[in-house]
Amino acid sequence: MTAAGSSSLATEAAVEGAARAETGAPTGVQRVRTTLQGLTASARFRMTVAVLLALFVVLFVTSFLIGRYDISVRTVVDIFLAEVFDIGQYWEDTLGVVVLGVRAPRIILAILVGGALAVAGASYQTLFKNPLVSPDILGVSAGAGFGAALAMINEANWAVIQASAFVFGLIAVVIAYGIANLFGGRSITVLILGGIVVSSLFQAMLSIVKTLADTENQLPSITFWLMGSLGRGVNRDVLFMLPALGISLAALFLFRHHINALAAGEDEARTMGVNVTLVKGVVVAASTLMTVCAVSICGIVGWVGLVIPHLARMLAGANYARIMTVSFLLGGLFLLCVDDIVRGVPKVEVPLGVLTAIIGTPIFAALLPRLRRGWT
Numbered sequence: 242m243t244a245a246g247s248s249s250l251a252t253e254a255a256v257e258g259a260a261r262a263e264t265g266a267p268t269g270v271q272r273v274r275t276t277l278q279g280l281t282a283s284a285r286f287r288m289t290v291a292v293l294l295a296l297f298v299v300l301f302v303t304s305f306l307i308g309r310y311d312i313s314v315r316t317v318v319d320i321f322l323a324e325v326f327d328i329g330q331y332w333e334d335t336l337g338v339v340v341l342g343v344r345a346p347r348i349i350l351a352i353l354v355g356g357a358l359a360v361a362g363a364s365y366q367t368l369f370k371n372p373l374v375s376p377d378i379l380g381v382s383a384g385a386g387f388g389a390a391l392a393m394i395n396e397a398n399w400a401v402i403q404a405s406a407f408v409f410g411l412i413a414v415v416i417a418y419g420i421a422n423l424f425g426g427r428s429i430t431v432l433i434l435g436g437i438v439v440s441s442l443f444q445a446m447l448s449i450v451k452t453l454a455d456t457e458n459q460l461p462s463i464t465f466w467l468m469g470s471l472g473r474g475v476n477r478d479v480l481f482m483l484p485a486l487g488i489s490l491a492a493l494f495l496f497r498h499h500i501n502a503l504a505a506g507e508d509e510a511r512t513m514g515v516n517v518t519l520v521k522g523v524v525v526a527a528s529t530l531m532t533v534c535a536v537s538i539c540g541i542v543g544w545v546g547l548v549i550p551h552l553a554r555m556l557a558g559a560n561y562a563r564i565m566t567v568s569f570l571l572g573g574l575f576l577l578c579v580d581d582i583v584r585g586v587p588k589v590e591v592p593l594g595v596l597t598a599i600i601g602t603p604i605f606a607a608l609l610p611r612l613r614r615g616w617t
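Residue numbering for the sequence shown follows our numbering, starting at 242 and increasing by one per position.
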């Protein structure tokens, strides 16, 4: 241990000793701090993941009990077991449809969408080294919103609306990336500026579509979609989301060490033998795929990809693999909790994006002092 390190530990111990002397006994905060200081970074990460997984299980089970139909935990478990084993049915057919066809896909989608947006946000923030970057920085949300609105004014069905949102979301990112390649030599700054240009373009075209929409039916549908909702999620959406999310997470995990190197700077990464262009392309492609899938399923849901990565970084440190893991768990928990609140409100479907903004804004405000002190 260096002399500076020994001096730092001695100073910290003296401060804690003075606090104990004043109060007569260590406070709860002091005990927790002492315990955490005694743990290695790896142990703290494992403990964080264990706590988040425990919360996941509790919230996952609780989510099946929220809604208009009153269903017990035993009934929910038996309904799932009846899909595999020969269990005598004692519940109404309606309850089986509610659990398997309505609540299960919605709960799973909340976890997948929240996790996808959080990981995409964490990946972009690490790549761009900017704490204010969110998953829609390259115009995904604006492009998807235009695509969905365009399909709605043509009276398309829900599957076509989702497909249109998916395609135009991808088109928006391709255009932004093309601008960066054409004018900036794939510069990160030019890529962000390209995303801003593309977002403005698709927002303008979305305004034109809303002007042409029928004010009685089409315009309200467009407006509600833009505010986000999981109310129309079905099992088909889960099957659509799972492979895209799996491929994206696998790609990011395989390049985790390269992303850590890139976070230190492009020049430093090149000296380590990292193919910077390839890594940036993988991060953008994987994050875009996750984001466009999420947006095409549930509409535009803000703040998840902006706030959650900061919380994950506070809990997991600067290691990208750990940030990615904690971001996914926190994002899934956050959006599932918000959607439970949405489903718990009787007689009205509160837009998901509205609640994420209401809850996310004060959380982000609380994080501002940390951002002012510095961000890595």
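Beta carbons: idealized from backbone N, C-alpha and C, even for Gly. Here the structure is a predicted model, which is why all the values come from computation and not from measurement.
In chain order, what residues of the same chain lie with their CB nearer than 6 Å to the CB of residue i, ignoring the 5 residues before and after it?
i, result
"Val619", "Here the chain covers residues 242 to 617 and nothing more, so residue 619 does not appear."
"Val591", "Val583"
"Ala527", "Ser489, Ala492 and Leu493"
Within the 8 Å Cβ cut-off, does residue i reach chain C?
i, result
"Thr281", "Absent from the structure: chain C. Only one protein chain is present."
Residue i to residue j, Cα distance in whole Å?
i, j, result
"Leu460", "Ala485", "30 Å"
"Val292", "Tyr418", "39 Å"
"Gly572", "Val343", "21 Å"
"Leu530", "Val374", "17 Å"
"Trp332", "Gly388", "42 Å"
"Pro346", "Arg287", "29 Å"
"Glu324", "Leu336", "14 Å"
"Gly362", "Leu379", "12 Å"
"Leu608", "Gly474", "32 Å"
"Leu483", "Ser441", "31 Å"
"Phe297", "Leu552", "17 Å"
"Ser448", "Ala557", "41 Å"
"Ala262", "Arg611", "Note that Ala262 scores a pLDDT of 43, beneath 50, so its modelled location is shaky and nothing firm can be said."
"Thr264", "Thr281", "Reliability of the predicted coordinates at Thr264 is poor, the pLDDT of 45 falling under 50, and the value obtained from them is presented with this limitation in mind. Their Cα atoms are separated by approximately 28 Å."
"Arg563", "Ala390", "37 Å"
"Leu467", "Arg285", "39 Å"
With a threshold of 7 Å on Cβ separation, who are the neighbours of residue i within its own chain once the five nearest residues in sequence on each side are excluded?
i, result
"Ile600", "Val579"
"Ser537", "Ala385, Gln403, Ala406, Phe407 and Gly410"
"Gly469", "Cys539, Gly540, Ile541, Val542, Pro592, Leu593 and Gly594"
"Val520", "Phe496, His499, Ile500 and Leu503"
Suppose the cutoff is 8 Å on Cβ atoms and the five residues either side in sequence are ignored; what does the same chain contact list for residue i look like?
i, result
"Val431", "Ile420, Ala421, Phe424 and Gly425"
"Ser428", "Ala421"
In three-state DSSP terms, what is residue i?
i, result
"Gly436", "helix"
"Pro610", "helix"
"Tyr418", "helix"
"Arg473", "coil"
"Arg285", "helix"
"Arg511", "helix"
"Thr456", "coil"
"Pro461", "helix"
"Pro372", "coil"
"Thr264", "Interpretation of Thr264 is limited by its pLDDT of 45, a score under 50 that renders its predicted location unreliable; no figure is taken from the coordinates."
If you measure from the CB of residue i, is any heavy atom of the ligand NAD nearer than 7 Å?
i, result
"Val583", "This structure lacks the ligand NAD; in fact it carries no ligand of any kind."
| request: Identify every run of the alpha helix (DSSP H) within the stretch 314-367, keeping only runs that are complete inside it and at least 4 residues long; order them along the chain. | output: 314-322 and 334-338
| Runs of alpha helix (DSSP H) wholly within the stretch 522-601 (minimum 4 residues, chain order) | 545-557 and 561-585
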